[in-house]
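Step one of this worksheet: look at the structure below.
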Amino acid sequence: MNEEQKELTDTIRHNANRLLKMVNEVLDISKIETGNVTLNYEETSAQKVINRALSNVKTFIDEKDIQIKKSINGETDNLKLDVLKTTGVLTNFLTNALRYSENGKPIEIDVNRNNGTVEFSVKDYGPGISKEDQQKVFKKYQRAKDDKTKGTGLGLAISKEFIEAQGGKIWLESEVGKGSRFLFSLPV
2 MNEEQKELTD TIRHNANRLL KMVNEVLDIS KIETGNVTLN YEETSAQKVI
52 NRALSNVKTF IDEKDIQIKK SINGETDNLK LDVLKTTGVL TNFLTNALRY
102 SENGKPIEID VNRNNGTVEF SVKDYGPGIS KEDQQKVFKK YQRAKDDKTK
152 GTGLGLAISK EFIEAQGGKI WLESEVGKGS RFLFSLPV
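Under my numbering, residues 2 to 189 are what the sequence shown spells out, in order.
Next up, the structure:
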């Protein structure tokens with residue numbers, strides 16, 4: 002294939018993946034609303050969850066000049082959690098961080114284990130989220146008032162359900178003009 006054909010193929014693949022993600026989000030919301038969320042716990046490590054999530058967003062990372070910084074603190078090799086759902090939440094956090102980050106700005110992934118929980122966080126240095134919008138980002142079909150990016154407004158709502166189904170908590174810390182940090186903790 003020539004260069005133009007490769008670019009077209011990449012664009013088609015990217016858009017097909019975006020549509021598939023949207024369809025899967027609608028299906029996930031349907032399962033949540035009917036109470037049909039099943040959890041499949043397995044033993045894993047924080048590093049494996051991070052690696053899977055980073056693999057899921059590799060295309061987006063490659064499109065931007067963004068450095069991913071990782072920090073893992075505490076014993077995180079023997080975590081018992083739903084790997085697919087937890088990876089999906091971390092992937093959603095990373096996708097959003099990449100979407101709102103400028104080229105050249107880092108994204109930080111931190112994992113800390115203490116007091117019977119493991120906490121994952123993703124920090125970006127994007128535009129941040131107003132206090133008003135912070136109250137609604139975990140609700141279905143809600144997006145920040147001035148958000149011009151593409152999306153269904155379901156990713157964080159699904160993430161919240163997946164984390165709470167595992168007995169965990171999900172939240173964010175953000176300041177307009179200074180970026181956002183999305184976090185979740187799970188019992189282990």
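Note that the Cβ used here is the ideal one computed from N, Cα and C, for glycine as well.
Here the structure is a predicted model, which is why all the values come from computation and not from measurement.
- Message: If I measure Cβ to Cβ from LYS161 and keep anything under 8 Å in the same chain, skipping five residues before and after, which residues do I get?
- Response: So the qualifying residues of the chain are PHE139 and ILE171.
- Message: Can you find the residues in the same chain that come closer than 6 Å, C-beta to C-beta, to LEU157, ignoring five residues on each side of it along the sequence?
- Response: So the qualifying residues of the chain are VAL138 and PHE139.
- Name, in chain order, the residues that DSSP records as bridge partners for LEU184. The partner list for LEU184 (beta bridge, DSSP) reads SER122 and TRP172.
- Task: Could you check what DSSP says for ASP11 in three-state terms: helix, strand or coil?
- Result: Collapsing the DSSP output to three states places ASP11 in a helix.
- How would you label ASP11, buried or exposed, when you count the other beta carbons within 10 angstroms and need 16 or more for buried? Under this definition ASP11 is an exposed residue.
- Kindly identify the DSSP beta-bridge partner or partners of ILE263. The chain is shown only over 2 to 189; residue 263 falls outside these bounds and no answer can be derived.
- Under the DSSP definition of a beta bridge, which residues are partnered with GLU5? In DSSP, GLU5 forms no bridge with anything.
- Less than 8 Å between the CB atoms is what I'm expecting for VAL189 and VAL119, so what's the real figure, rounded? Contact holds; Cβ gap of about 5 Å.
- Item | GLU64 - DSSP class collapsed to helix/strand/coil | Here DSSP, grouped into helix, strand and coil, assigns GLU64 to helix.
- Task: Using the Cα positions of TYR42 and GLY89, report the straight-line distance between them to the nearest angstrom.
- Result: Straight-line measurement puts the Cα of GLY89 at about 14 Å from the Cα of TYR42.
- Is it buried or exposed for SER102, if we count other Cβ within 10 angstroms and need 16 for buried? So SER102 ends up on the buried side.
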